[in-house]
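Novice: Below you'll find the structure I mean.
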Amino acid sequence: MKNLLAATVLVWSVPAGMAMPATPTATAAPAAAPGWTGLGRPKDVITARGKLMEGMEALMEPIDTITIQTGPVKNADLLHRNAELIADMLSAVPHLFPPTTNLYDPKSQTPPTIALPAIWQNFEVFYQLAGAASVAARQMAATTGDKPLRAASLKLRGSCDACHALFLRKYVPPKTQASDEQFDFDKALGNKK
Ligand code: HEC
49 MKNLLAATVL
59 VWSVPAGMAM
69 PATPTATAAP
79 AAAPGWTGLG
89 RPKDVITARG
99 KLMEGMEALM
109 EPIDTITIQT
119 GPVKNADLLH
129 RNAELIADML
139 SAVPHLFPPT
149 TNLYDPKSQT
159 PPTIALPAIW
169 QNFEVFYQLA
179 GAASVAARQM
189 AATTGDKPLR
199 AASLKLRGSC
209 DACHALFLRK
219 YVPPKTQASD
229 EQFDFDKALG
239 NKK
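Under our numbering, think of the first position of the sequence shown as 49, with each following residue one higher.
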């Protein structure tokens, strides 16, 4: 009873709206132990989150498609199932970003990750965007009717884009260079002139 009271007092002494102190901090890394994959295998963690994202992209294809079609939505069952899977996958997303994977290198053409350091400076925002996206997917899975489905699809895609806009390296299309035009394709392909 005494402990319960102490715990209650502790909870009530945190002012409403104030975040609980975050422990551990990003600088206080856990001691190496089996299971801390972020410590021992950060590149594998980066690969895994890339694969998870690609999996969600594949599941989004039929969901995106209905927004550019007119007429009745025919595959609602498939859309619901895909949205449900995406919601589950999104619940794992923020757990695949330990601070040891903050390895973006702006000088590299092919950095190990395109996740920006801003994630770890604003982790709460990142975490909440993942949660909001998961909710949008869950809502899509429960939506019926052509118009509501199209609206839910746009909302879900918007929730992916919202996070990417803040936390992903901007896409820079490759520049063509003068040397590209002078490139001798025939010679490279071994064709006789
Ligand atoms: C909370 C933030 C967040 C949300 C929500 C999110 N993503 Fe991502 N996404 C990222 C980050 C960060 C990366 C870069 C990962 C890296 O390079 O390490 C990424 C990368 C990707 C990639 C490129 C993967 C690769 O490496 O080839 C695709 C495709 C993608 N996301 C699709 C999606 C789709 C589809 C959704 C919505 C269903 C989604 N994402 C939702 C943060 C998010």
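Backbone N, C-alpha and C fix where the C-beta goes; we use that ideal spot for every residue, glycine too.
Just so you know, these numbers come straight off a predicted model, no measurement behind them.
1. With residue 205 and residue 104 assumed to form a contact (beta carbons below 8 Å), what rounded beta-carbon distance in angstroms separates them?
2. Helix, strand or coil for residue 164 per DSSP?
3. Would you identify the three-state DSSP class for residue 197, choosing helix, strand or coil?
4. Can you grab the Cα-Cα spacing for the pair residue 89 / residue 99, in whole Å?
5. Taking C-beta to C-beta, are residue 134 and residue 198 nearer than 8 Å?
6. Taking 8 Å as the cut-off, decide whether the C-beta atoms of residue 111 and residue 131 are in contact.
7. On the criterion of 16 or more Cβ atoms from any shown chain inside 10 Å, does residue 230 qualify as buried, or is it exposed?
8. Can you name the start and end residues of the alpha helix (DSSP H) that residue 186 belongs to?
9. Taking Cβ positions, are residue 160 and residue 94 nearer each other than 8 Å?
10. On the criterion of 16 or more Cβ atoms from any shown chain inside 10 Å, does residue 69 qualify as buried, or is it exposed?
11. If I measure Cβ to Cβ from residue 208 and keep anything under 7 Å in the same chain, skipping five residues before and after, which residues do I get?
12. Can you find the residues in the same chain that come closer than 8 Å, C-beta to C-beta, to residue 167, ignoring five residues on each side of it along the sequence?
13. What would DSSP say about residue 151, mapped onto helix, strand or coil?
14. Please report the distance separating the alpha-carbon of residue 121 from that of residue 138.
15. Is the distance from the Cβ of residue 187 to the Cβ of residue 178 below 8 Å?
Specialist: Reading from the atomic positions:
1. Contact flag wrong, Cβ pair sits at about 11 Å.
2. coil
3. helix
4. Rounded to the nearest angstrom, the two C-alpha atoms are 16 Å apart.
5. no
6. yes
7. exposed
8. 171–189
9. Against a cut-off of 8 Å, the Cβ pair of residue 94 and residue 160 comes out as a contact.
10. Bear in mind that a pLDDT of 44 at residue 69, under 50, signals an unreliable position, so the number given afterwards is only what the model happens to contain. Here residue 69 is exposed, its C-beta having fewer than 16 other C-beta atoms within 10 Å.
11. 181
12. 145, 150, 174, 215
13. Here residue 151 sits in coil by DSSP.
14. 25 Å
15. no
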